[in-house]
Amino acid sequence: MSDVKLIAVTKSSGDMNAEEIISYVARVSNPTNQSNFETAPKLLAYLIKHSHWSPFEHAHMTVEITTSRGIAAQILRHRSFVFQEFSQRYAQSTDYISYPARRQDLKNRQNSVDDMSHDDQVWFSNVQADVWEMSKRLYDEALKRGVAKEQARFLLPLNTKTVMYMTGNVRSWIHYIDLRTANGTQQEHADIASQVKRIFSEQFPNVSKALNWT
198 MSDVKLIAVT
208 KSSGDMNAEE
218 IISYVARVSN
228 PTNQSNFETA
238 PKLLAYLIKH
248 SHWSPFEHAH
258 MTVEITTSRG
268 IAAQILRHRS
278 FVFQEFSQRY
288 AQSTDYISYP
298 ARRQDLKNRQ
308 NSVDDMSHDD
318 QVWFSNVQAD
328 VWEMSKRLYD
338 EALKRGVAKE
348 QARFLLPLNT
358 KTVMYMTGNV
368 RSWIHYIDLR
378 TANGTQQEHA
388 DIASQVKRIF
398 SEQFPNVSKA
408 LNWT
């Protein structure tokens, strides 16, 4: 399944961590108190409470996400982030991700219901394997025939595994986590957002506390 790893978090050339940088920037009009990091947690909570979001744009976090091309397409819609993704134009695809079967919610087209029978689950798992094996065999054959990787990739299914790096400022991450852990997000994407939320909470504990995430 999908996996998320921390790659980098903003840090100053001195001893300031990411949350302290946000506090320092927010106090630009109060230079005599800029380095008062003892009260930084209260300041961060105040900024969040009153929707003063611009200081949160000065700290960034980068994560590595392993997922499928289908879910990656959803993540890439968040245009406030910077992305770098595994390129099937330059490298050969080697694996896929198997997903469980869920029933379509007839009342909400954005939702699915996890109540499929065991037999249907087994069938769906098996056909994903069948489709991958056939697609991968034809993909490999195309490459042997000299077809360019950028063309051969069209033979692969949406559950082909990919790796991407996602970089954004704290304000963007807050919005992303709020949106993609809420109802209406595909479960596989929500699982990724939940992993991001856990990492974010470890790196930004005071921000997360002010958001009532911890």
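Numbering (my numbering), first residue to last: 198 to 411.
We put the beta carbon where it would ideally sit given N, CA and C, even for glycine.
Here the structure is a predicted model, which is why all the values come from computation and not from measurement.
Here P238 has N403 as same chain residues with Cβ atoms under 7 Å from its own Cβ, once five neighbours each way along the sequence are excluded. The beta carbon of E347 lies closer than 6 Å to those of R286 in the same chain, with the five residues before and after it left out.
Assignment of Y362 by DSSP, reduced to helix, strand and coil, places it in the strand class. Between K341 and Y293, the C-beta gap is not smaller than 9 Å, which leaves the two residues out of contact. Residue environment analysis places L240 among the buried positions, since at least 16 neighbouring C-beta atoms fall within 10 angstroms of its C-beta.
S209 sits away from I219, with the two beta carbons spaced by 9 Å or more.
With fewer than 16 other Cβ atoms inside 10 Å of its own Cβ, E235 counts as exposed. Only residues of its own chain outside the window of five on either side were considered, and among them I262, T263, T264, S265, I268, I294, E385, D388, I389 and Q392 have a CB closer than 8 Å to the CB of S199, listed in chain order. Put simply, the segment 301 to 313 does not touch the segment 361 to 376. Fewer than three CB pairs are less than 8 Å apart. Note: A205 is bridge-paired with T259 in the DSSP secondary-structure output. For F321, the uninterrupted alpha helix (DSSP H) run begins and ends at H315 to K341, by DSSP.
In this structure, T359 sits near E282, with a CB-CB distance shorter than 9 Å.
Taking each of S369, Y243, V328 and S290 in turn and checking the Cα distance to A256, the smallest one comes out for S369. The DSSP-derived three-state label of Q281 is strand.
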